[in-house]
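S.K.:
Residue numbers (mature numbering (1 follows the signal peptide of the UniProt record, and there is no 0)): -24 to -1, 1 to 265.
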């Protein structure tokens, strides 16, 4: 199964395979965050067990991968369960997918990502979260969306309540396709409009700190692209960490790959990153696979 999931996580980005076979639907309460074209879009909430905290908790909003054309919430089930055990409220977002046969840019995807962020922030009190400690997270195309809500102005849905910020305060990015400029991933869809969509081309000093996880053998995202994003972030005085894992390809971080080895390593680093920000306390508690 790990090798199958790894193959599919790569194949879906090429538009040739579904991703639903890899990840189970979240076993968590579902909420409608948006209705568009007669369709309800859902997000799934994993909350810490036990008594309610006296202080607002941090939150992580996860966006699944799938090349903007496939996938569904569930990719980050294990991540959500672990970080909930660390006192973080976790959300997994469903968003509209693009027609794989078209060359449509990801307008619907980025609009839904921002709508979800606003829906969550507007309900901070309901979920007991701190509206100033909401991280965005995602893998591959979901990593693009997580970086988009952190770095790119615009791309808002006409129905959004714009006074409510859609901007995240931290970014956890798992092999993100965040450079959509010339030579980057997704240029076939965005073309000359890449500055509207590419987080790497919208970095500024008001962007959130980031941690990026990448395999050295990723065929979609060169290590040099990730190094440039890190260096460009630091140049505008935004903290950014890059962790490169030797010999690993795209989607290496998923929980089923290599009996959870890379899931464990990346989650431990993400935990330390949130601890460094002061969002969670103490050392990581994730057990080795």
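Note that beta-carbon positions come from the ideal geometry of N, C-alpha and C, so glycine has one too.
Straight-line CA distance for residue 118 to residue 232?
M.R.: By 1-based counting over the chain shown, the position of residue 118 is 142. By 1-based counting over the chain shown, the position of residue 232 is 256. Between residue 118 and residue 232, the C-alpha separation is close to 18 Å.
S.K.: Answer yes or no: do residue 36 and residue 59 have a C-beta to C-beta separation smaller than 9 Å?
M.R.: To locate residue 36, count along the chain shown from 1; it is residue 60. To locate residue 59, count along the chain shown from 1; it is residue 83. Yes, the pair counts as a contact, with Cβ atoms nearer than the cut-off.
S.K.: For residue 75 versus residue 17, is the C-beta spacing smaller than 9 Å?
M.R.: As a working note, residue 75 is residue 99 in the chain shown. As a working note, residue 17 is residue 41 in the chain shown. No; because the gap between Cβ atoms is not below 9 Å, this pair is not in contact.
S.K.: Which one or two residues does DSSP pair with residue 217 in a beta bridge?
M.R.: Within the chain shown, residue 217 is the residue found at index 241, counting from 1. Beta-bridge pairing links residue 217 to 187.
S.K.: Excluding the 5 residues flanking residue -20 on each side, which residues of the same chain have their C-beta closer than 7 Å to its C-beta?
M.R.: As a first step, residue -20 is located in the chain shown; it is residue number 5 there, counting from the start. Its pLDDT being 46, under 50, residue -20 is placed unreliably in this model, and the value from its coordinates should be taken loosely. The residues are -3, 230, 232, 233.
S.K.: By Cβ distance below 7 Å, which residues in the same chain neighbour residue 44 in space, the five residues on each side in sequence not counted?
M.R.: Here residue 44 refers to the residue found at position 68 of the chain shown. Cβ neighbours of residue 44 beyond the five flanking positions: 73, 74, 82, 85, 117.
S.K.: For residue 14, which three-state DSSP category applies?
M.R.: Along the chain shown, read from residue 1 onward, the residue named residue 14 stands at position 38. In this structure, residue 14 counts as coil in the three-state DSSP scheme.
S.K.: Measure the alpha-carbon distance for residue 257 versus residue 101 and round it to whole angstroms.
M.R.: Counting from one through the chain shown, the residue named residue 257 turns up at place 281. Counting from one through the chain shown, the residue named residue 101 turns up at place 125. Each residue's alpha carbon lies about 22 Å from the other.
S.K.: Any idea what DSSP makes of residue 182, helix, strand or coil?
M.R.: If you number the chain shown from 1, residue 182 lands on position 206. Reduced to three states, the DSSP call for residue 182 is coil.
S.K.: What is the C-beta distance between residue 186 and residue 149, in whole angstroms, given that I count them as a contact (C-beta under 8 Å)?
M.R.: As a working note, residue 186 is residue 210 in the chain shown. As a working note, residue 149 is residue 173 in the chain shown. About 6 Å; that satisfies the 8 Å criterion.
S.K.: Between which two residues does the beta strand (DSSP E) holding residue 106 run?
M.R.: Stepping through the chain shown from its first residue, residue 106 is reached at position 130. Counting along the chain, the beta strand (DSSP E) containing residue 106 begins and ends at 105 to 115.
S.K.: Less than 9 Å separating the beta-carbons of residue 155 and residue 205?
M.R.: Reading the chain shown from its first residue, position 179 is the one you call residue 155. Reading the chain shown from its first residue, position 229 is the one you call residue 205. Their beta carbons are under 9 Å apart, which means residue 155 touches residue 205 by this criterion.
S.K.: Mind pulling the beta strand (DSSP E) runs of 3 or more residues that sit fully within the segment 38 to 124?
M.R.: 65 to 69, 105 to 115
S.K.: Going by DSSP in three states, residue 164 sits in which element: helix, strand or coil?
M.R.: Stepping through the chain shown from its first residue, residue 164 is reached at position 188. Here residue 164 sits in helix by DSSP.
S.K.: May I ask you to report which of helix, strand or coil DSSP gives residue 148?
M.R.: Taking the first residue of the chain shown as 1, we reach residue 148 at position 172. It is a strand residue.
S.K.: Look up residue 33 in the DSSP assignment and give the residues it is bridged to.
M.R.: Position 57 of the chain shown holds residue 33. Looking at the DSSP assignment, residue 33 forms a beta bridge with 105.
S.K.: Less than 9 Å between the C-beta atoms of residue 98 and residue 137, yes or no?
M.R.: By 1-based counting over the chain shown, the position of residue 98 is 122. By 1-based counting over the chain shown, the position of residue 137 is 161. Yes. Within cutoff.
S.K.: Taking residue 240 as part of the alpha helix (DSSP H), name the residues at either end of that continuous run.
M.R.: Taking the first residue of the chain shown as 1, we reach residue 240 at position 264. Element bounds for residue 240: 237 to 252.
S.K.: Run through the DSSP bridge pairs and tell me what residue 6 is partnered with.
M.R.: Working through the chain shown from its first residue, we reach residue 6 at position 30. Residue 6 pairs with 20.
S.K.: For residue 135, which of helix, strand or coil comes out of DSSP?
M.R.: In the chain shown, counting from the first residue as 1, residue 135 sits at position 159. Residue 135: coil per DSSP, three-state reduction.
S.K.: For residue 92 versus residue 19, is the C-beta distance shorter than 9 Å?
M.R.: The residue you call residue 92 lines up with position 116 of the chain shown. The residue you call residue 19 lines up with position 43 of the chain shown. If you check the CB distance, residue 92 and residue 19 come in under 9 Å.
S.K.: Would you call residue 14 buried or exposed, if buried means 16 or more other Cβ atoms sit within 10 Å of its Cβ?
M.R.: Here residue 14 refers to the residue found at position 38 of the chain shown. That one is exposed.
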